[in-house]
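**Q** One structure, pasted below without further comment.
Protein chains: 2
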Amino acid sequence: MNSGYLHSVSSIISHPLLEEYPALWASTQPPLRRLIMARDHHIFMHGDTASSLWLVISGWVKLIRQTPDGKESVVGLCTDGDMFGEAALFAHANYPYTAQVIGNDTELVAMPSATIRDMIAKDPSLSARIMALLNERTGQAQLKLEQQSTMSAAQRLGCFLIRLCQTQASGERLLRIPVEKHILASYLGMKPETLSRSQHQLKSVHVTVDGHEVMVNDIEKLRQFVCNSCSQSGSCDAEEALG
Amino acid sequence: MNSGYLHSVSSIISHPLLEEYPALWASTQPPLRRLIMARDHHIFMHGDTASSLWLVISGWVKLIRQTPDGKESVVGLCTDGDMFGEAALFAHANYPYTAQVIGNDTELVAMPSATIRDMIAKDPSLSARIMALLNERTGQAQLKLEQQSTMSAAQRLGCFLIRLCQTQASGERLLRIPVEKHILASYLGMKPETLSRSQHQLKSVHVTVDGHEVMVNDIEKLRQFVCNSCSQSGSCDAEEALG
């Protein structure tokens, strides 16, 4: 486990939580671990002791779970700036999913559970920031749940793409999404053939898919197609960029 | 708003968070408000300033949202022991849904936002407890999302009933669920006619529905029908009672 290349954290690492709380890594002995992991590497398994909180610096990680009767579901797809393994914030907790690298050379930072819990106990502003992150996470999961009934499959795929465009509100954007079709379909709560149909439908709003590359030719047009069927319209992270 | 009958908090109020942190209400001037609200009363509206964190002492509350194109979705159904309005934990936040009473004489406790944020800043153990609650909420939303693809509609209804049985692991239980069919269906992510079919299917595991009363004749049998298709099988709150 964690057999990726180990580096000490360098100053080039950029993640909102580390930028706001430089003491988070400065105070740790040994320093927070920076890891570069190859595709398919298992970061941790469902049920493992939650020993670290993880930040994605660059790349892609899938979070998966299995049911006793053998169904697998993708409960998360994490990329640049995302956090996973929040169970590490709590004593004696286990990870509630398996985390596996899906992008080549994915760069991660692991924050040891004991260190971060100690810092949270000492710094009320950090605990407030972490609570806000947890609350945001709940909001995202609830919204995804709601969108299963208020949005078409093509709109849900469009929403996923808008989030990847992050703060960019208009113009064009080329996205690289090295995620296999059945993984992305499971994450979006649809069958692979529905995902294919949805990709085709998005052509009408100038989105073209070529393998793992997705070209969003007109972000504003895609928003018009998607956001009218979303109760967060006007207040989601992606839309705040609109000001 | 909040036109329910106002009472000061009496010692008979029972909620885990209040039991663990009696100082939460003891320290507040004026005391935490205890409210008994009638059916259909709007507790707050989507977008209102999040001025209080709410606890359900007894009764039922629905949390709903609307999309710009007019679709309504039920994002939460809260009953005894549930918490809602977590946005109040954060400065300058708004409620991300409308909360409305659906059970007659629903008893609530409102914890003023400023008070609870002040206490969290002073008491690291309270902040850890609140973080754990927020994390649990995220886990529940993610699990519900996953169950949309791993479980049948009848299993999802069964899971909802098992949660209402709380810590009871076997034997029978009579549940009173004063929730209209279209509301419950929306919450469970299915159409009203699918909910009717699911109720019918649960007869085979000895669950009988009579209006708003649901008789679970054999909790263990219902668990066998439901939990094998759930990745949390063996570790969900309801199952911990099994020891």
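Residue numbers (the numbering used here), protein chains in the order written: chain A, 131 to 373; chain B, 131 to 373. In this text, a Cβ means the ideal position worked out from N, Cα and C, and glycines have one as well.
For Gln159 (chain A), decide whether its Cβ has a neighbour in chain B, counting only Cβ atoms nearer than 8 Å.
**A** To locate residue 159 (chain A), count along the first sequence from 1; it is residue 29. Only weak support is given to the placement of Gln159 (chain A): the predicted model assigns it a pLDDT of 45, under 50, and the question is left unresolved by the model.
**Q** Just checking, does the segment 257 to 264 of chain A make contact with the segment 169 to 181 of chain B on the three C-beta pairs under 8 Å criterion?
**A** These segments do not touch.
**Q** Determine the closest residue to Glu237 (chain A) out of A:Arg247, A:Glu216, A:Thr209 and A:Ile246, with distance taken between C-alpha atoms.
**A** Here residue 237 (chain A) is taken as the residue at index 107 of the first sequence, counted from 1. Residue A:Thr209 is the option with its Cα nearest to Glu237 (chain A).
**Q** Quick check on DSSP: helix, strand or coil for Pro254 (chain B)?
**A** Here residue 254 (chain B) corresponds to residue number 124 of the second sequence, with the count starting at 1. Three-state result, Pro254 (chain B): helix.
**Q** Between which two residues does the alpha helix (DSSP H) holding Arg306 (chain B) run?
**A** The residue you call residue 306 (chain B) lines up with position 176 of the second sequence. Counting along the chain, Arg306 (chain B) falls outside any alpha helix (DSSP H), though it belongs to the beta strand (DSSP E) covering Arg303 to Arg306.
**Q** Do Val344 (chain A) and Leu352 (chain A) count as a contact pair if the criterion is CB distance below 8 Å?
**A** The residue you call residue 352 (chain A) lines up with position 222 of the first sequence. The residue you call residue 344 (chain A) lines up with position 214 of the first sequence. It is not a contact, given that the beta carbons lie outside the stated cut-off.
**Q** What are the boundary residues of the alpha helix (DSSP H) that Thr324 (chain B) is part of?
**A** Working through the second sequence from its first residue, we reach residue 324 (chain B) at position 194. Where Thr324 (chain B) is concerned, the enclosing alpha helix (DSSP H) stretches over Pro322 to Gln331.
**Q** For Gln331 (chain A), which residues in the same chain have their Cβ closer than 7 Å to its Cβ, ignoring the five residues on either side in sequence?
**A** Against the first sequence, residue 331 (chain A) aligns to sequence position 201. Closer than 7 Å at Cβ, skipping near neighbours: Ala284.
**Q** Rounded to a whole number of angstroms, what is the C-alpha to C-alpha distance between Gly319 (chain B) and Gln354 (chain B)?
**A** Position 189 of the second sequence, counting from 1, holds the residue named residue 319 (chain B). Position 224 of the second sequence, counting from 1, holds the residue named residue 354 (chain B). If I take the Cα positions, the gap works out to 22 Å.
**Q** So who's on the other strand from His172 (chain B), going by DSSP bridges?
**A** Translated into the one-based positions of the second sequence, residue 172 (chain B) becomes position 42. Beta-bridge pairing links His172 (chain B) to B:Gln230.
**Q** Since Ile187 (chain A) and Leu219 (chain A) should fall inside the 8 Å C-beta cutoff, what is the C-beta to C-beta distance between them, to a whole number of angstroms?
**A** On the first sequence, position 57 is the one that residue 187 (chain A) refers to. On the first sequence, position 89 is the one that residue 219 (chain A) refers to. Incorrect: roughly 20 Å between the Cβ atoms, too far for contact.
**Q** Which same chain residues end up closer than 8 Å to Ile313 (chain A) when comparing Cβ atoms and leaving out the 5 residues on each side of it in sequence?
**A** Taking the first residue of the first sequence as position 1, residue 313 (chain A) is located at position 183. Only Lys192, Val204, Leu207 and Ile232 meet the Cβ criterion.
**Q** Measuring only the C-alpha atoms, how far is Cys360 (chain A) from Pro226 (chain B)?
**A** Within the first sequence, numbered from 1, the residue matching residue 360 (chain A) stands at position 230. Within the second sequence, numbered from 1, the residue matching residue 226 (chain B) stands at position 96. Using only the alpha carbons, I get a separation of about 12 Å.
**Q** Checking contacts by CB at 8 Å: is Ser359 (chain A) closer than that to chain B?
**A** Within the first sequence, residue 359 (chain A) is the residue found at index 229, counting from 1. So yes, Ser359 (chain A) belongs to the interface.
**Q** Check whether the Cβ atoms of Gln272 (chain A) and Ala271 (chain B) sit closer than 8 Å, and answer yes or no.
**A** One-based indexing of the first sequence puts residue 272 (chain A) at position 142. One-based indexing of the second sequence puts residue 271 (chain B) at position 141. Yes. Within cutoff.
**Q** So who's on the other strand from Ala240 (chain B), going by DSSP bridges?
**A** Along the second sequence, read from residue 1 onward, the residue named residue 240 (chain B) stands at position 110. In DSSP, Ala240 (chain B) forms a bridge with B:Arg163 and B:Trp184.
**Q** If we call anything under 8 Å between Cβ atoms a contact, is Ser316 (chain A) one with Leu287 (chain A)?
**A** What you label residue 316 (chain A) is simply residue 186 of the first sequence in a count that begins at 1. What you label residue 287 (chain A) is simply residue 157 of the first sequence in a count that begins at 1. Not closer than 8 Å, so no.
**Q** According to DSSP, Asn224 (chain A) sits in a beta bridge with which residue or residues?
**A** Walking along the first sequence from the start, residue 224 (chain A) turns up at place 94. According to DSSP, Asn224 (chain A) bridges with A:Thr179.
**Q** Considering only C-alpha positions, which residue in the set A:Arg169, A:Lys333 and A:Glu216 is nearest to Leu263 (chain B)?
**A** What you label residue 263 (chain B) is simply residue 133 of the second sequence in a count that begins at 1. The candidate whose alpha carbon is nearest that of Leu263 (chain B) is A:Glu216.
**Q** Ordered along the chain, which non-local residues of its own chain (more than five positions away) have a Cβ less than 6 Å from that of Met175 (chain A)?
**A** Position 45 of the first sequence, counting from 1, holds the residue named residue 175 (chain A). Cβ neighbours of Met175 (chain A) beyond the five flanking positions: Thr228.
**Q** For Asn265 (chain B) and chain A, any beta-carbon pair shorter than 8 Å?
**A** As a working note, residue 265 (chain B) is residue 135 in the second sequence. Yes, Asn265 (chain B) counts as interfacial toward chain A.
**Q** With distances taken Cα to Cα, identify the nearest neighbour of Met167 (chain B) among B:Phe214, B:Ala221, B:Gln230 and B:Lys321.
**A** Position 37 of the second sequence, counting from 1, holds the residue named residue 167 (chain B). Met167 (chain B) has its Cα closest to that of B:Gln230, out of B:Phe214, B:Ala221, B:Gln230 and B:Lys321.
**Q** Gln196 (chain A) touches chain B at which residues, Cβ-Cβ below 8 Å?
**A** In the first sequence, the residue the question calls residue 196 (chain A) occupies position 66. Under the 8 Å cutoff, chain B gives Ser361.
**Q** Establish whether the CB of Thr280 (chain A) and some CB of chain B are separated by less than 8 Å.
**A** Taking the first residue of the first sequence as position 1, residue 280 (chain A) is located at position 150. So yes, Thr280 (chain A) belongs to the interface.
**Q** How is the alpha helix (DSSP H) around Gly211 (chain A) delimited, first residue to last?
**A** Position 81 of the first sequence holds residue 211 (chain A). It is not in any alpha helix (DSSP H) - Gly211 (chain A) carries neither H nor E in the DSSP assignment.
**Q** Does the beta-carbon of Asn265 (chain B) have 16 or more other beta-carbons within 10 angstroms, so that it is buried, or is it exposed?
**A** By 1-based counting over the second sequence, the position of residue 265 (chain B) is 135. With 16 or more other Cβ atoms within 10 Å, it is buried.
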